[in-house]
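Structure, as structure tokens:
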């Protein structure tokens, strides 16, 4: 049985968000469970649905607020929940700031989409339940 990552997207650009959702759902074992365009909406959803997501993909520049505020809200997440940043501004300084918030990975929108896809595939494998049937393998 295929395990799908329950993924939440924080991205305010409609075109980028739709393309990202399509790419992740087609190429990885991902189901997008929701999205936000603002920091306040993302923080509220992640708080209200704290048990309903495995992966959050966060842009840093939003219509209102900042992705850094979303990252701060995710610092108390469960150990198996992953948070990644997808930004056009994946500079060394931004990567350092993200690391301070415990982000699992930072990807540049312009040239690291394949790395994000690979990350999602590996996370889906890690979330796969182990079989307790006691086979003879």
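Residue numbers (the numbering used here): 254 to 390. Even glycine gets a Cβ: it sits at the ideal position worked out from N, Cα and C.
Residue range of the unbroken beta strand (DSSP E) whose run includes residue i
| i | result |
| --- | --- |
| residue 337 | 335-340 |
| residue 361 | 358-361 |
| residue 260 | 258-263 |
With 16 other Cβ atoms within 10 Å as the buried cut-off, status of residue i
| i | result |
| --- | --- |
| residue 389 | With a pLDDT of 48 at residue 389, under the threshold of 50, the predicted position of this residue should be treated as unreliable, and no value is reported. |
| residue 387 | Low per-residue confidence applies at residue 387: pLDDT is 48, beneath 50, and the placement is therefore not dependable enough to give any value. |
| residue 302 | exposed |
| residue 367 | exposed |
| residue 352 | exposed |
| residue 402 | Any property of residue 402 remains undetermined from this structure, which presents the chain solely from 254 to 390. |
| residue 331 | exposed |
| residue 349 | exposed |
Of the residues the options, the one placed nearest residue i, counting alpha carbons only
| i | options | result |
| --- | --- | --- |
| residue 312 | 306, 289, 332, 352 | 289 |
| residue 256 | 282, 278, 267 | 282 |
| residue 304 | 329, 275, 357, 265 | 329 |
| residue 314 | 266, 353, 333 | 266 |
| residue 223 | 359, 334, 333, 354 | Absent from the model: residue 223. The displayed extent of the chain is 254 to 390, so no value can be given. |
| residue 369 | 276, 320, 378 | 276 |
Close Cβ partners of residue i (< 7 Å) along its chain, the five nearest in sequence each way excluded
| i | result |
| --- | --- |
| residue 318 | 291, 292, 293 |
| residue 309 | 261, 263, 299, 327, 336 |
| residue 356 | 324, 336, 337, 338 |
| residue 295 | 263, 289, 323 |
Close Cβ partners of residue i (< 8 Å) along its chain, the five nearest in sequence each way excluded
| i | result |
| --- | --- |
| residue 274 | 262, 285, 288 |
| residue 279 | none |
| residue 307 | 258, 259, 260, 333, 334, 335, 376, 380 |
| residue 347 | 313, 338, 340, 359 |
Cutoff 6 Å; reference residue i; Cβ partners in own chain excluding five residues on either side
| i | result |
| --- | --- |
| residue 374 | 281 |
| residue 372 | 358 |
| residue 341 | 362 |
Endpoints, alpha helix (DSSP H) assigned at residue i
| i | result |
| --- | --- |
| residue 369 | 366-380 |
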